[in-house]
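Enquirer: Chains C and D, in that order, are what the protein sequence lines are.
Just so you know, we're using my numbering here: the first sequence kicks off at 161 and counts up by one.
Just so you know, we're using my numbering here: the second sequence kicks off at 70 and counts up by one.
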Amino acid sequence: HARSEVHIVYMGEKQHHDPQHVTNMHHDMLSSILESKEEAKKSMVYSYRHGFSGFAAKLTESQVEKIAGLPGVIRVIPNQLHSVQ
Amino acid sequence: TTRSWDYLGLSPQSSSKSNLLHDANLGDGVIIGLLDTGIWPESVILNDEGLGPIPQRWKGSCQSGERFNATQDCNRKLIGAKYYIDGFLAENRQPFNTTQAPDFKSPRDSFGHGTHTSTIAAGSFVPNASYKGIALGLLRGGAPKARIAMYKVCWNVPRGQCSSADILKAFDDAIHDGVDVLSVSLGTDLPLFPQIDERDGIGPGSFHAVTKGITVVCAGGNEGPSSHTIDNTSPWILTVAASTVDRSFPTGIVLGNNFTILGQAMFRGKEVGFTGLVYPENPGLRPTLFGVCESLTLNNTPVAGNVVLCFTTMNNRAPVSAAVTSVKQAGGVGVIIAKHPGDVIGPCSNDFPCIEVDYELGSQILFYMRSTRSPIVKLSPSKTLAGRPVSTKVAHFSSRGPSSISPAILKPDIAAPGVSTLAASSPFDPFMDGGFALHSGTSMAAPHVSGIVALLKAIHPSWSPAAIKSALMTTAWKTDPFGEPVFAEGSPQKLANPFDYGAGIVNPNKAAKPGLVYDMGTDDYIMYLCAVGYNDSSITQLVGKSKTCPSPKPSILDVNVPSITIPSIRNSVTLTRTVTNVGPVNSVYKAQIDSPQGIHVAVRPDILAFNSSVKDLSFIVEVSTSHKVNTGYYFGSLTWTDETHYVTIPISVRTQIIQFYTDFN
Numbered sequence: 161h162a163r164s165e166v167h168i169v170y171m172g173e174k175q176h177h178d179p180q181h182v183t184n185m186h187h188d189m190l191s192s193i194l195e196s197k198e199e200a201k202k203s204m205v206y207s208y209r210h211g212f213s214g215f216a217a218k219l220t221e222s223q224v225e226k227i228a229g230l231p232g233v234i235r236v237i238p239n240q241l242h243s244v245q
Numbered sequence: 070t071t072r073s074w075d076y077l078g079l080s081p082q083s084s085s086k087s088n089l090l091h092d093a094n095l096g097d098g099v100i101i102g103l104l105d106t107g108i109w110p111e112s113v114i115l116n117d118e119g120l121g122p123i124p125q126r127w128k129g130s131c132q133s134g135e136r137f138n139a140t141q142d143c144n145r146k147l148i149g150a151k152y153y154i155d156g157f158l159a160e161n162r163q164p165f166n167t168t169q170a171p172d173f174k175s176p177r178d179s180f181g182h183g184t185h186t187s188t189i190a191a192g193s194f195v196p197n198a199s200y201k202g203i204a205l206g207l208l209r210g211g212a213p214k215a216r217i218a219m220y221k222v223c224w225n226v227p228r229g230q231c232s233s234a235d236i237l238k239a240f241d242d243a244i245h246d247g248v249d250v251l252s253v254s255l256g257t258d259l260p261l262f263p264q265i266d267e268r269d270g271i272g273p274g275s276f277h278a279v280t281k282g283i284t285v286v287c288a289g290g291n292e293g294p295s296s297h298t299i300d301n302t303s304p305w306i307l308t309v310a311a312s313t314v315d316r317s318f319p320t321g322i323v324l325g326n327n328f329t330i331l332g333q334a335m336f337r338g339k340e341v342g343f344t345g346l347v348y349p350e351n352p353g354l355r356p357t358l359f360g361v362c363e364s365l366t367l368n369n370t371p372v373a374g375n376v377v378l379c380f381t382t383m384n385n386r387a388p389v390s391a392a393v394t395s396v397k398q399a400g401g402v403g404v405i406i407a408k409h410p411g412d413v414i415g416p417c418s419n420d421f422p423c424i425e426v427d428y429e430l431g432s433q434i435l436f437y438m439r440s441t442r443s444p445i446v447k448l449s450p451s452k453t454l455a456g457r458p459v460s461t462k463v464a465h466f467s468s469r470g471p472s473s474i475s476p477a478i479l480k481p482d483i484a485a486p487g488v489s490t491l492a493a494s495s496p497f498d499p500f501m502d503g504g505f506a507l508h509s510g511t512s513m514a515a516p517h518v519s520g521i522v523a524l525l526k527a528i529h530p531s532w533s534p535a536a537i538k539s540a541l542m543t544t545a546w547k548t549d550p551f552g553e554p555v556f557a558e559g560s561p562q563k564l565a566n567p568f569d570y571g572a573g574i575v576n577p578n579k580a581a582k583p584g585l586v587y588d589m590g591t592d593d594y595i596m597y598l599c600a601v602g603y604n605d606s607s608i609t610q611l612v613g614k615s616k617t618c619p620s621p622k623p624s625i626l627d628v629n630v631p632s633i634t635i636p637s638i639r640n641s642v643t644l645t646r647t648v649t650n651v652g653p654v655n656s657v658y659k660a661q662i663d664s665p666q667g668i669h670v671a672v673r674p675d676i677l678a679f680n681s682s683v684k685d686l687s688f689i690v691e692v693s694t695s696h697k698v699n700t701g702y703y704f705g706s707l708t709w710t711d712e713t714h715y716v717t718i719p720i721s722v723r724t725q726i727i728q729f730y731t732d733f734n
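As structure tokens, then:
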């Protein structure tokens, strides 16, 4: 199995006001790549749906390439650590 | 904060007519969100006495978890508390281990950092607070009546780590919840990533917050004093450098010849009466440096019962810790560390005396030792010295500009106190005493500015984040409160310039009435994104509206920030700025230019007349260089004044006859 890492799928300003609708759209998008809703739910870490749109999910490199090409995706960003200053 | 707010002119007892603290009713009604390590809700400084009901517009909540009961632990001061760990856990791929470093799967703070930053910004009043008697005074936040919402995103692992997936979720929730200000004392390692696909999550998260009217205040980072180390460089962020206040902790070192030297320490143990003073000298001609603090060699030195002098060229805390460990193990009773200015002082464990002196005074101590057969020394507990003659400096650790990824956007924006700040902490903080700890970092500087932003929001609720940022920058102090110049710590120490402290030291009372502001909105940020090369489709997606960048591409020099930074000029350049009158309606402002050395600056028009129908006016700045070689940066300023307001922005210009050229010769 290819190793999956947390990635942020960043989609910019949200296109719908209903947060649940935004999350459903994220699940649908992820399902289209992972080929099942169950897998999509397991993979999803967060749905960003209030201030902007996007989600964090555990993805393999090939899944990252596929999802980066979907309409509405600005960029797929690897998760990164920060520290307090 | 027992000194910093007085230093900044925000004393609650001040009878001054222009006290922002009073005008803003202590920040009542404003909500400050913090992305940090959580909060210790029992801290006395989080009491909600005198606070009215929670603002009705607040949509956030408190989340229960390990040792955190939302109903009991939140109050009218702490109105929001959530935690975000899923991104961190998914990254670590192992169960959360709290055995080595305690933490709680809840908003409760173990590290102490989040409690410290949040109480700097908005803690309630606590009289007679101190750390073991030093820094005694009235502890409080900048906006003592503002409400706190803690978004715990960082966890108690070395350096307090936080994942960008968690940070972005906290931004997402904070925007939903209705915070007015976001205080983010976090940073990432260098080199930086581009701002919109920045892997830290702060760039995009803050963009969406700012375009919704939330001011985002970030720490500039602790990677100084090298240039190009500044972090959180997006133009929509308010990036904060750390400076000292007029307070120090002198600690007496009396030599056997009765000569007294004042070092710096946080030593609150008992006085060490006259006892032997030793320095591990090199035996013979061997090159080994026995007296170097970080690698003390004490085999040939009678340390037991004595005080040890050592020298180091390192400027972080590591040599202090190493020397204390070695000297303690060998039975010594104290250590004097001679070092270059560097990381700030801190207490040593179990009140062991560890006193820092500069190289010059360290050498004097060594000369005394070499001039007498049995050198002795007496060490006194540290005292608190506040006010004159203690000077203001930009901290050694504070990250410096220019921005490595957008050098035409000045960073940091501003400086604020961030050295030896007393605030609340967690009982798990090893440097906490009686609920309070003295900590240093740009982490401590940022919430000082966040507290001030809360006060400004209270009196100017309609001002945009850019207007607030402009007000803070154009009114900042270029000197300390006594009118003396501000130095920047480093080797060598030098006068501070805009890459050390941005527009200067934050001056809250003046920021309340700036006269003019350099305002910006989403369209201005789009222009910036076009200028730095983002494509139309990314920008359209980012802002949720169809946007096409103009052709030719706009100049980054025209982005309406309250500063002019020209990283590369060969002959001349022209740029524009627009100012908005937020003062008296019929105001007339005249330009005053302080040109950088060898640079000619002209402003057209040089008089701006506002009236009831003219609130915004644009002007052109023509800049030309007379330098014939590649230079470093020279600094100047442009001030618009109506003789009541002085609206000053820094100018930084570098001549590059050969461009894109590295010159190491």
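Quick reminder that beta carbons are idealized off the backbone N, C-alpha and C, glycines included.
All of these numbers come straight from a predicted model, not from anything done at the bench.
With DSSP run on the structure shown, which of helix, strand or coil describes Lys174 of chain C?
Expert: coil
Enquirer: Which chain D residues are close to Ile168 of chain C, counting only those with a beta carbon under 9 Å from its beta carbon?
Expert: Residues of chain D passing the Cβ test: Gly156, Ser233, Ala234, Leu237, Arg268, Gly270 and Pro273.
Enquirer: Name the residue from D:Trp546, D:Lys579 and D:Asn578 whose alpha carbon lies nearest to the alpha carbon of Ala565 of chain D.
Expert: D:Trp546
Enquirer: Pull out every residue of the stretch 501 to 517 of chain D whose Cβ sits closer than 7 Å to any Cβ of chain C, in chain order.
Expert: Gly510, Thr511 and Ser512
Enquirer: Do the CB positions of Arg209 of chain D and Trp74 of chain D come within less than 9 Å of each other?
Expert: yes
Enquirer: Give the DSSP-derived three-state secondary structure of Ser747 of chain D in the structure shown.
Expert: Because chain D is modelled from 70 through 734, residue 747 of chain D falls outside the range shown and cannot be assessed.
Enquirer: Identify, in the order they occur along the chain, each residue of the same chain with its Cβ nearer than 8 Å to the Cβ of Lys397 of chain D, setting aside the five sequence neighbours on each side.
Expert: Phe421
Enquirer: Within its chain, find whatever has a CB closer than 6 Å to the CB of Leu77 of chain D; leave out the 5 residues flanking it on each side and keep chain order.
Expert: Excluding sequence neighbours, Leu77 of chain D sits near Pro577.
Enquirer: For the alpha helix (DSSP H) that contains Met185 of chain C, what are its first and last residues?
Expert: Pro179 to Leu194
Enquirer: Taking the DSSP output, what are the residues bridged to Asp105 of chain D?
Expert: D:Lys221
Enquirer: Going by DSSP, what residues sit across from Ala493 of chain D in a beta bridge?
Expert: D:Phe505
Enquirer: Compare the beta carbon distance of Gly415 of chain D and Ser509 of chain D with 9 Å and say whether it is the shorter of the two.
Expert: yes
Enquirer: Taking C-alpha atoms, which residue in D:Gly345, D:Thr344, D:Val377 and D:Gly342 lies nearest to Phe359 of chain D?
Expert: D:Val377
Enquirer: Give the DSSP-derived three-state secondary structure of Pro554 of chain D in the structure shown.
Expert: strand
Enquirer: Name, please, each residue of chain C whose Cβ falls closer than 8 Å to the Cβ of Ala288 of chain D.
Expert: Against chain C, the beta carbon of Ala288 of chain D has neighbours under 8 Å at Gln245, listed in chain order.
Enquirer: Could you tell me the alpha carbon to alpha carbon distance between Ser254 of chain D and Phe240 of chain D, rounded to whole angstroms?
Expert: About 13 Å.
Enquirer: Exposed or buried, what is Thr153 of chain D when buried is set at 16 or more other beta-carbons lying within 10 Å of its beta-carbon?
Expert: Rather than Thr, the amino acid found at residue 153 of chain D in this sequence is Tyr. Tyr153 of chain D is buried by the Cβ-count criterion.
Enquirer: So the alpha helix (DSSP H) Trp74 of chain D belongs to, where does it begin and stop?
Expert: Ser73 to Tyr76
Enquirer: Which residues of chain C have a Cβ atom closer than 8 Å to the Cβ of Ile108 of chain D, listed in chain order?
Expert: Residues of chain C passing the Cβ test: none, with the nearest at roughly 14 Å.
Enquirer: Taking 9 Å as the CB-CB limit, is Gln180 of chain C close to chain D?
Expert: no
Enquirer: Do Phe336 of chain D and Thr453 of chain D have their C-beta atoms closer together than 9 Å?
Expert: Contact flag unset, no.
Enquirer: For Ser164 of chain C, which residues from the same chain have a beta carbon less than 8 Å from its beta carbon, with the 5 sequence-adjacent residues on both sides left out?
Expert: Ser203, Lys218, Leu219, Thr220 and Gln223
Enquirer: Which class does Cys618 of chain D belong to by DSSP, given the choice of helix, strand or coil?
Expert: coil
Enquirer: By Cβ distance, which residues of its chain are closer than 7 Å to Lys128 of chain D, with the 5 residues on each side in sequence left out?
Expert: His245, Asp246 and Gly247
Enquirer: Give, in chain order, every residue of the stretch 177 to 200 of chain D whose Cβ lies closer than 9 Å to some Cβ of chain C.
Expert: Phe180, His182, Gly183 and Thr186
Enquirer: Beta carbons nearer than 7 Å to chain D: which residues of the stretch 191 to 207 of chain C have them?
Expert: Within the stretch 191 to 207 of chain C, the residues whose Cβ lies closer than 7 Å to some Cβ of chain D are Val205 and Tyr206, listed in chain order.
Enquirer: Going straight from the alpha carbon of Gly181 of chain D to that of Trp109 of chain D, what length do you get?
Expert: 8 Å
Enquirer: When DSSP labels each residue in this structure, what does Ala671 of chain D get in the three-state scheme?
Expert: Of the three classes helix, strand and coil, the one that applies to Ala671 of chain D here is strand, per DSSP.
Enquirer: Would you tell me roughly how many angstroms separate the C-alpha atoms of Lys281 of chain D and Ile483 of chain D, rounded to the nearest one?
Expert: 23 Å
Enquirer: Given a cut-off of 9 Å on the beta-carbon distance, is the pair Ile689 of chain D and Arg673 of chain D in contact?
Expert: yes
Enquirer: Does the contact criterion of 3 or more C-beta pairs under 8 Å hold for the stretch 198 to 217 of chain C versus the stretch 96 to 112 of chain D?
Expert: no
Enquirer: Helix, strand or coil: which one does DSSP assign to Pro577 of chain D?
Expert: Pro577 of chain D falls in the helix class under three-state DSSP.
Enquirer: Under three-state DSSP, which class holds Met542 of chain D?
Expert: helix
Enquirer: By the three-class DSSP mapping on this structure, what secondary structure does Glu221 of chain C have?
Expert: helix
Enquirer: Tell me the DSSP bridge mates of Met204 of chain C?
Expert: Answer by DSSP bridge pairing, in chain order: C:Ala217.
Enquirer: Assuming Val166 of chain C contacts Ala159 of chain D (C-beta within less than 8 Å), just tell me the rounded distance between them.
Expert: Contact between Val166 of chain C and Ala159 of chain D holds: their C-beta atoms lie close to 5 Å from each other, under 8 Å.
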